[in-house]
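One rule links them: number in the working numbering = place in the sequence shown (from 1) + 50. Note that CB positions come from ideal geometry on N, CA and C, so glycine has one too.
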Amino acid sequence: MKTTLKLEEVMMFVLGIYLFSLLDYPWWWFLVLILTPDIGMVGYIFGNKIGAFCYNLFHHKGVAILIYLVGAYFSIPLCQLIGVILFSHSALDRMLGYGLKYDKGFKFTHLGEIGK
């Protein structure tokens, strides 16, 4: 099952790359921006509960899809870009075993404990 889930995330990452290719931004933007959603980790400065909330906000695929769709509906390329980056980053993270966080601490995710 673990392999199946990782393959699913690989395909979502590929979808993110495809969606990015439909936008009118140079490819290097994707490479530069792909790690920016990790800014959500800054919330851990204020404790585990706020940290988990901030991290999950920046790594929730539903939020990413909503932002992308708002951008598509209202023809706002920047919103589409933000949605694609958030979505792609989340898929990449989950491929690597980094899931949404529980408020017990950074290493406790919906995919299991990091480092086990």
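Three-state secondary structure (DSSP) of residue i
i, result
"K151", "strand"
"G93", "helix"
"F158", "strand"
Cα-Cα separation between residue i and residue j, rounded to whole angstroms
i, j, result
"Y118", "E163", "30 angstroms"
"K154", "K99", "7 angstroms"
"H160", "A102", "12 angstroms"
"G66", "L73", "11 angstroms"
"W79", "P87", "14 angstroms"
"I126", "S140", "22 angstroms"
"V92", "C104", "8 angstroms"
"K52", "K157", "18 angstroms"
Of the residues the options, the one placed nearest residue i, counting alpha carbons only
i, options, result
"I132", "V120, L142, F103", "V120"
"K151", "L83, G90, V64", "G90"
Residue span of the alpha helix (DSSP H) that contains residue i, given as start and end
i, result
"T86", "Looking at the DSSP string, T86 is not in any alpha helix (DSSP H), and its letter there is neither H nor E."
"G165", "From DSSP, G165 is part of no alpha helix (DSSP H); its letter is neither H nor E."
"H139", "127–145"
"L73", "Here L73 belongs to no alpha helix (DSSP H), and DSSP marks it neither H nor E."
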